[in-house]
Each structure stands twice: as structure tokens, then as C-alpha cells.
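Data first, discussion second: the structure below is written as C-alpha cells.
Below is the structure:
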């Protein structure tokens, strides 16, 4: 059975089937190795569109794709759906809830999770947006608030139900706030015949004095203006101090009554990484050297959100392009090692910035690539194209493209069922 | 707020947003009434394709459509997402978990549920297939069985994991068994590189001596042959007596080790109907007169699976066409009553048989309409067309059509993610 029948080929174990893990396995398609790819889910998630699931634009199945389908033709990959519980570095084995899986080379690509910075109230009552469960919970919750508000006679209670706060002015926060605005003012608006949509409120709260901090100032301002036009209240230089599910408290004492706090203000590596016996740095990411090897563990590569790789004096950001480039690099390194080329004879990793983009809604996005800055319709068209091309298989591309066209022309979102909670 | 602002127009309350409830509300689009449509879910479910969700052919969102979107343009409909808990017949009010809703005319269209005929083991460990949660549970479970089997070293345990039993030889059972066969032998087959698919087994168990009892014999036999060609083991004249989650016992003592029993062998009205204080008959359906009024309650109409309507000496079957025709009839009756035409002056209801069909898989279906009997590819094409036309909105139609074409030409099913259980 699978990884047991080793035929003496080197065994590469990859933990995590995100952007990084999947690309390492693909990069080793023609290598003379056996690969075991482990994930606790049976699907690969296209995280950049998660916010569209949360705001009822896309189905779960549009952005989640079975891992086995990806590797249908690649016979050297054996998928294992399992929960990793730890590493045994001495015997070089991954410990899982379905048994031990031993490796010659290990790639840790476990990804990131929401960082609440120890704020327990926010963690308990707020919503993160890093995985499918969280995105579906947001969708269910937002739709439920409208259902409750539609027959709530008390205006204050109704206003609290219809107040949606997004915390964090990065791409996830901006995209979520924009998408929420379109869901509420263009779709739900037509369907709740008794509700006064003047009672609805969307606020985007950011601790610093800017949105999309990594963008040029010109695009930051365009983002701000677009969101304001979309009736999103922007609160800059404001910090959240507490939340109890009903009332959000800001530094300085201001209180906003709301049942919905979406927390997009921080990321960290997944908690699993804490159990793997690797040296960790800020955001609890594993420290790696210039070859992406964990400290003191040359047979363990760490990539993506899980890796603390310092370049130009700063750790690389937790974004998909970093994971993708590191994955390609590690696949090459492993192939080099198989050919007897020591890691120190190989090229160290260096990240090439591919630019930045964020969509704010219909016809509105900002794109920054090299010296090119675009905003508005063409940025939106470019953003849509790039994301569709990146989606893994033809069918998902077609379905997503069709849904987007439909939304574009008909202003409708159909993915609005409230599932079991 | 909604149903409170009555303007003295008669208030029609409809419980259930299935085929029946939705069509009553639509039929009253131009009537001078206020309508409150109550359902515990915020979506209308296209039940005939539920088995395709269970077998990973379609997404949840493809067959579930928000009720509010259906009535976006129909301003006299007010939707209320609520759990009905009872009726107060004296004051003519529906009791819900969100308050009382009083009516002048009530339509009970609460639908059907799985009937386990008191077999507790089957109810606890088996899977029904009457609602979205059940269908998603089946999908998750079947896929999980393959994941577990892929690293299970014990052959007997593996065989039990890979044995799938469908009980009930009606359309749901036949369609499920056929779809399971295609999922397993055409899709999963290519993805579990270590599994021997000779160990897999699909059995369809039926207590009588025929499949699709309401079809002409010629089509019954075609169905049987097609299923056998699809490697479904057909067990006729066999009754299930017990199931404990591991072992299914048949009358006579035969035991089949299996972790998956899909129960499609019985329907009844939903348990909610038992709480409504209406006279009930077989399958716990509410007894209605020739005008679809509940016994002794002229202001309460009951339609669809919930109604025990006797025609030609037998109660009408629990199928969508009955609900749809009864809904149209009740909408007309209510319009007549509004014009002062007593119910006894109106035409009694009579069901017109629209024929029968079932699909067994790719290129294979059976259709019986009037004296026309078709099987094979053209029956399958006809079945596909009818179901696509019936799906409520354009977008769903297009997405479903595209997915079917994709499955047809590429033999793939993408809707295979295992969601949280």
C-alpha cells in the first residue's frame, strides 16, 4: 500500500496541499522519487478568492479542488488525508492520526492562519477568513443577520444586526468590504422589501493611516475613494481593543454595536507549526536559511506562510507568490540533491516581486506591477483575467468566469443559501 | 414590518418553500392579497437532483436557490425564515420560533421526509436522501471511505469500507446506484493509484421483485440490465432487517459488512406535520377533501407530499408533479374565494398523470409518457432537457448544463471536497 512499497526510491513527504505544497509535487513530476502529499483536507483551496465565498459570489466548490484530481496523471504522488500531529526528527518520520510516514526529504508547507494577537473576545466572537469553514461561516452569518433584521421591530437591535465591521486595511479587508457593499446595496437591497437599507452600515477599520500599505500612494487614495463611493465608512488610525459579540470597543472608548466583526488584521503560521520542533521567529513562522532549510534540519524544507525567510532585512510577506516561487525553488533543490549536487553548491533562494493587486468591486481594482500603476475598469479586468488563469482546472475557470459575467451584467448573487451551522 | 402592516388585504400564509409552496405564491402574484411564505431554510431545493449532490456531480448551490431571489419582483410576498412549531386553529395563527403569524388562508406545503418504518439501526447509521444536509453527508462519507481504504492494510476492513448499499428500487435508489457506479468506476478509479477497484461493491437492494415498479415492464428490464452493466449488484425480493453501522442484516440471516447504507426505500410526510393538529392517514399525510382542504378546517389547504389525496381509490404518490398541480389548483381556489365564489362552486382537484422517468447514468435513462416508452441515449437526453428547463433560473441552468457536458465528455466530477462534518 502506497508509501510502504518503496522500491528504494527516495521518499519526499510534503505537508500541506496549498499553493506551495502542490507546486513542489508538480515540480517533481519527472523526478525518480515517491511523493506523499499530506493534508487534513482532501482539497486544494484557492485562497485569494475566499472572500468571494464569504460574500456569496462563488460556491465553495468553485475555489476548492480535489487534490487527487490534480495528481490524477502524476503516478509518483500518493495523497494522504491525515492530521499531522508532530515530527520525529531522529527517525525522520511525520506523525499523523493515521500512522507514521517516514521521509528522506520533508517539505513543510502548512500555510497561515488568522492572528488575533491574543485578543480573546475577537477570536471567540469575530470571524477570521483564512479557510473554507470560516468563509462559509461569514456567509451564513451575514445572511442570517438580514433574515433576523427583516422581522425585528426594535430599531437599535436592527441597526446592530445590520452593522458589519471589517478590521484590517490590507487586500483581504479591502476586498471583503467592497464585496460586502455590493452584496448588500446591489443584491439584498432588492429582496428585503420591508427593510430600510439606510439602517445598514459597513465599516472598515485600520490601525495605521492608510489602506493597502504596500501600494503606491496614488492607488491607496483611489482605493479609499472607491470604497467611500461604495458607502463603506473608512476608519483609519483606529485600534480595536475588545469585542463581546454585541459591542466592539475601540481604543479611546468608542463603542460600535455590531454582531459582525470580520478580522482581517493579522496572519501567523498555522498552530500546527508550533508542534513540529522547528525554530520559530515572528508570526511563529519557522526560521529558514537561504536554501529554505529549517535551522539545524537540512532534510526539512519550509516554504510559504510557514517560512520566516529574511530578504533585504525583512521577512517576506505571507502571500501566494512567495509560496509559489519558494516551491519551484525547493523542487529544483531536491532534484539537485538527487543528482548528488550538495545544497551549498546550488543557488540560494531570492524572491522576485511580481507586483500587487486588489479588487474593490465591480469595475474597480488597483494593480501595481513594476512601474505600472492601473486603477478602475482595466485594473479590474486585469485582476479578473489573472485570477481566472490561475484557477487550476478548465471547468472551474469556466464556471467562475460565467458567474462573474452574470454578476456583472445582472447584479445578482445566487450563492446565498444558509447551510447548517 | 411586513405581515403586520396588513392594509386589510386578506393574508395568505404558506408553510414550506418547496415545489408546492413556491408555486402557490407565484400563482397569487396578481391577487390582491398579502402573502407570507415561511420556511426553515432560506432556499428552495430542487429535490430531483439531490442524488447528484450526494454523488459529487453537482454543487449544493446548483440545486438550492434563495427564496427571496425567486420573489424579488413579486412585492406581495414576504418571506420569513422560521421554524414552525404548531398551529392555533382557533385564532388562525401559525406558531413559529420567531413569533405568531396569523392568516386568513393557510397552505400547508411542508413536504416529505425519509421513512425508516421504525428501524432504529437504519435511521441511526444509515443515510436518508430527502434534504441537502443528508445529500452532503452522503458525499462526505463516501469520499471519506475511499480515503480511509487507501491506507487500510486489512483487506476485510477495506472491502467493508468499499461496499456501498442502496436500499429501495424506486427512482431515487436506481438513480443513486447508477450515479455511484459512475463516480466510483469512472472517476475515483483513476485517482486512487493504490486501490484495487475489484474490491469495491455497489448493491441495490429491493424488497419486491422489480425495479421502478410504476414503469412498464420493458423499461424495468432495461433498467435492470443497464445497472448490471454498470457493475451494480441487484438484489430483488430481499428485505433489510437491521443495520449497526458495520453490518447490514437481511431477512433470512445474510449479513453484508458495509459502512454505507443509503436508505431510499420509504417516504412519509415531515414530522412537523404531526404537530399541526390535522387528521392524518397513511405515511402520516394529512387527509384532504376533493378541494385539498384539511378535514374540518376549510381555511387550511394541504398539498404535495403532506397531503393524503385519494384518487381512483389510492392516495396520490409523493412526487413533484402532484405538488405542482395541486399548488396551481389551490392558487386558483383562493382567487375564487377572494371573488366570493364558494369552494363548493369550484372545480374539485384531479391529478393528470404526466408520466415517469429515471436516469441510470451516462446515456442511459427510461422515460414513460402516455403510450411513449423510450430508453437509452434519447431517454437520457430528454431527461436532461426536462430537468434543465425546470431548474429555476438561467444561471443555474447554464452552470448545470455546462457541468453535465463536462462530465459527459471528460468523465470527471469536481464537486468532491469533503466539508466539515
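Protein chains in written order, with this note's numbering: chain A, 1 to 421; chain B, 1001 to 1421. Beta carbons: idealized from backbone N, C-alpha and C, even for Gly. Note that the structure is predicted; figures quoted are calculated from it, not measured.
query	result
Under a three-way DSSP split, which group does residue 252/A fall into?	coil
Taking only three categories from DSSP, how would you classify residue 1315/B?	strand
What residues from the region 197–229 of chain A come within 9 Å of chain B, judged by C-beta to C-beta, listed N to C?	none
At a Cβ threshold of 8 Å, is residue 421/A touching chain B?	Reliability fails at residue 421/A, whose pLDDT of 45 lies under 50, so the model's placement of it is uncertain and the value that follows must be treated cautiously. False, the Cβ-Cβ gap to chain B never drops below 8 Å.
Check residue 1338/B in the structure and name its three-state DSSP category.	helix
What is the rounded straight-line gap between the Cα of residue 1080/B and the Cα of residue 152/A?	11 Å
Hey, does residue 339/A have any beta-carbon neighbour from chain B nearer than 8 Å?	no
Hey, is residue 98/A's beta-carbon within less than 8 Å of any beta-carbon in chain B?	yes
Which chain A residues sit within Cβ distance under 7 Å of residue 1191/B?	68, 69, 72
List, in chain order, every chain A residue whose beta-carbon is nearer than 8 Å to that of residue 1075/B.	193
By the DSSP assignment, the beta strand (DSSP E) with residue 356/A in it spans what residues?	356–361
So with CB distances below 8 Å, who are the chain D contacts of residue 402/A?	No chain D appears in this structure, whose protein chains are A and B.
Decide if residue 300/A is buried, meaning its Cβ has at least 16 other Cβ atoms within 10 Å, or exposed.	buried
Bridge partners of residue 1081/B, per DSSP?	1039/B
What three-state label does DSSP hand residue 1113/B in the structure shown?	strand
Residues in the same chain with beta-carbon distance under 7 Å from residue 370/A, minus the five sequence neighbours each way, listed in chain order, please.	355
Figure out for me which residue from 212/A, 200/A, 144/A, 150/A has the closest Cα to the Cα of residue 175/A.	212/A
From residue 1287/B to residue 1208/B, what distance separates their C-alpha atoms?	28 Å
Looking only at DSSP bridge pairs, what is residue 1102/B linked to?	1093/B
So with CB distances below 7 Å, who are the chain B contacts of residue 143/A?	1042
In chain order, what residues of the same chain lie with their CB nearer than 6 Å to the CB of residue 384/A, ignoring the 5 residues before and after it?	none
Along the region 103–119 of chain A, what residues have a CB closer than 8 Å to any CB found in chain B?	none
Going by alpha carbons, who is nearest to residue 143/A out of 107/A, 189/A, 173/A?	189/A
Please work out which residues of its chain come closer than 8 Å, Cβ to Cβ, to residue 1159/B, disregarding the five sequence neighbours upstream and downstream, and give them in chain order.	1199, 1201, 1257
Is the beta carbon of residue 1250/B closer than 8 Å to that of residue 1165/B?	no
Would a check of beta-carbon distances place residue 17/A closer than 8 Å to chain B?	no
With three or more beta-carbon pairs closer than 8 Å as the criterion, would you say the region 25–36 of chain A touches the region 68–84 of chain A?	yes
Taking only three categories from DSSP, how would you classify residue 434/A?	Any answer about residue 434/A is impossible in this case: the structure gives chain A only from 1 up to 421.
Reducing DSSP to helix, strand and coil, say where residue 134/A ends up.	helix
On the DSSP letters alone, give me the boundaries of the alpha helix (DSSP H) that residue 1060/B sits inside.	1060–1063
How far does the beta strand (DSSP E) with residue 1298/B in it extend, from its first residue to its last?	1297–1302
Take residue 1278/B and list the residues in its own chain whose beta-carbon comes closer than 6 Å to its own, dropping the five residues that flank it on each side.	1286, 1294
Distance check for residue 1043/B and residue 1100/B, CA to CA, integer angstroms please.	22 Å
Counting pairs of beta carbons, one from the region 1296–1312 of chain B and one from the region 1105–1125 of chain B, are three or more of them closer than 8 Å?	yes
So what does residue 1233/B bridge to, in DSSP terms?	1203/B
Measuring CB atoms only, is the region 1116–1134 of chain B touching the region 1213–1227 of chain B, in the sense that at least three cross pairs come out at less than 8 Å?	no
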